[in-house]
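If you count by our numbering, then the sequence shown holds residues 2 to 439, one letter each, in order.
Ideal Cβ placement from N, Cα and C applies to all residues, glycine included.
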Amino acid sequence: MTRVAAIVLTVIASAGAHPATIQVAGSGPLTGVYFFTHWWEPWKSSDQAILQDLKKLRALGFNTIFLDHQWSQMIDGDWRLIDRGHRLAREAGVQILPWLGTKAGLDLGTTAQRRELVKRMYGDELRMGRGRDGNPNRTLPWDEAVIEASARYCVDYLDRYKKSGALLHVTVDGKDRPVIAPTVELDWEGSCDAETEQMFRLWLRARYGTIQKLNEAWGTSIPDWAGIRICDEGIFDLQGHAEGKARHPRAVEDHVEFRAQMMDISLGEISRRIRERHPDVLIATELPYQFGSQHPHAIGYRIGQGANPSSARHADILVLRATGPLTEEEIRLLHEYRRDSGQKVILTYRTYPEWGRDLIAGKTTALEMVRTYGEQAARVADGFGLYSWNEMVDCHVAPGSDPSYAAGFQVTAEESEAVVGAMEEMARRFTQEAMKKR
């Protein structure tokens, strides 16, 4: 059997995940906030600013922070930034769920310098995919070099912080187990290289059996398997499908699902290698946007980045980043996913700078926000979170006065404090309701 065929057959056969109980060791039900320690000021330069905010979040009832700790941050100062995050989190009494990669291996190869460093550190040369313009686009999630480098970095991270850092541990069957996320933002736009294309053909052949059945499903007249071109925009019109205009929507959906499954199996192999050294580790992963969302950003992201639910099946815990409160249909899809996958889900909601303004103006109340977010998460998920405290672009609630922030997204101290009060009530209500389910 060829290497390509073996990979595809593994993708076809892969399924399932192991359930986990999300009780933060020593701290109760998981309540988390996305936090950024080294991207924006004042946190980038000030340990005191980080510590002050982490202590505030802990006092509000949040016991976990979701933190960028990718390999690309590790090489910036030889662990300095990551050591700093663990030191300050421990002092504040919060635990860290670390994102150890970005977009299924993207961050390893964004520059030639990084690719050379990966080769020196881990011995393998990263392969780059090809975009529809024929130029290199990004790393290939299924590449052995990506898998090995990702796994080894995760192992190094666990070796360094599993016992002495502030790494998240959750209690499962009376035992405290560490949790890491090999990637944040499941995302692969695909590649036009010959090997990925051959994998796609093999995957389709296993799915349909004959080219005739494929043509019937797609509404096409492709003469044989070799006639399938993975970057044929006439058939795989991703943008058109996002707008509801694609001529062959079933073909596009197969394209999306193939990419999702390839990410999943690659991350599953990364997880397997991590567990060879750390068998007690639980694997988390993060998917932007709730299942079935009709938000334009969610539709475009799922189709363009291959972010189907199947991309996340490798994990024990799914961190689901929602645009807002879930509709009944989105709740139904989430329930089906949890039932079928066996995963636990941390439901995190996007924050908005206007929250504070609306609270002050009386357009909403803290009680309404508690019912909308805290109570819903307790009812439909296994953990609760907010995105974010201080991603200082368009979804933060921390105050900031940097004039470079986009117009309309500044948050005053008064507005931030209004949101802080609502956050405290959300965390309290989620914890109360979650404790009733134990």
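(request) Indicate the three-state DSSP secondary structure (helix, strand or coil) for residue 116 in the structure shown. (result) helix
(request) Please look up how many angstroms separate the CB atoms of residue 335 and residue 327, rounded, as I've assumed it's under 8 Å. (result) 7 Å
(message) Considering Cα atoms alone, identify which of 34, 51, 276, 256 is closest to residue 40.
(response) 51
(request) Spell out a yes or no on whether the segment 409 to 419 and the segment 358 to 365 are touching, meaning 3 or more CB-CB pairs, one atom from each, closer than 8 Å. (result) yes
(message) Quick check on this structure: which residue in 370, 138, 348, 299 has the alpha carbon closest to the alpha carbon of residue 435?
(response) 348
(message) Measuring only the C-alpha atoms, how far is residue 157 from residue 179?
(response) 14 Å
(request) From the DSSP output, in three-state form, read off residue 431 for me. (result) helix
(message) What does DSSP give as the partner residue(s) for residue 129 in the beta ladder?
(response) 140
(message) I'd like to know if the segment 301 to 311 and the segment 277 to 286 are in contact, where contact means that at least 3 CB-CB pairs between them fall below 8 Å.
(response) no
(message) Quick check: the Cα distance between residue 78 and residue 329, rounded to an integer number of angstroms?
(response) 47 Å
(message) Can you tell me where the alpha helix (DSSP H) holding residue 92 begins and where it ends?
(response) 81 to 93
(request) Would you tell me roughly how many angstroms separate the C-alpha atoms of residue 82 and residue 167, rounded to the nearest one? (result) 14 Å
(message) So for residue 310, helix, strand or coil by DSSP?
(response) helix
(request) Measure the Cβ-Cβ separation of residue 33 and residue 63 and say whether it is below 9 Å. (result) yes
(request) Check whether the Cβ atoms of residue 351 and residue 379 sit closer than 9 Å, and answer yes or no. (result) no
(message) Distance check for residue 49 and residue 16, CA to CA, integer angstroms please.
(response) Note on residue 16: pLDDT 37, under 50, position unreliable in the model; the coordinate value appears next. Looking at the two C-alpha atoms, the distance is approximately 45 Å.
(request) Ignore the nearest five residues each way along the sequence and tell me which others in residue 425's own chain have a CB closer than 7 Å to its CB. (result) 61, 62
(message) For a minimum of 3 consecutive residues, which ranges assigned as the beta strand (DSSP E) are wholly contained in the segment 308 to 344?
(response) 318 to 323
(request) Taking only the alpha-carbon atoms, compute the straight-line gap between residue 20 and residue 345 and give it to the nearest angstrom. (result) For residue 20, the predicted structure reports a pLDDT of 32, less than 50, and the residue's modelled location is therefore unreliable. The matter cannot be settled from this model.
(message) Beta-carbon within less than 6 Å of residue 45's beta-carbon, same chain only, minus the 5 sequence neighbours each way: which residues are those?
(response) 39
(request) Note down the Cα distance separating residue 364 from residue 411, rounded to an integer number of angstroms. (result) 19 Å
(request) Measure the alpha-carbon distance for residue 148 versus residue 252 and round it to whole angstroms. (result) 28 Å
(request) Over the uninterrupted beta strand (DSSP E) stretch that includes residue 103, give me the two end residues. (result) Neither: residue 103 is in no beta strand (DSSP E) and is coded neither H nor E.
(request) Inspect the CB distances between the segment 260 to 267 and the segment 238 to 245 and report whether three or more fall short of 8 Å. (result) no
(request) Return the CA-CA distance between residue 293 and residue 331, expressed in angstroms with no decimal places. (result) 6 Å
(request) Would you mind stating whether residue 129 and residue 139 have Cβ atoms separated by less than 9 Å? (result) yes
(request) Would you check if the segment 92 to 109 and the segment 64 to 73 touch, i.e. whether three or more CB-CB distances between them fall below 8 Å? (result) yes
(request) Would you kindly work out how many angstroms separate the C-alpha atoms of residue 300 and residue 289, rounded to a whole number? (result) 11 Å
(request) Tell me the start and end of each unbroken alpha helix (DSSP H) in the segment 144 to 180 that is at least 4 residues and wholly inside, in chain order. (result) 145 to 162
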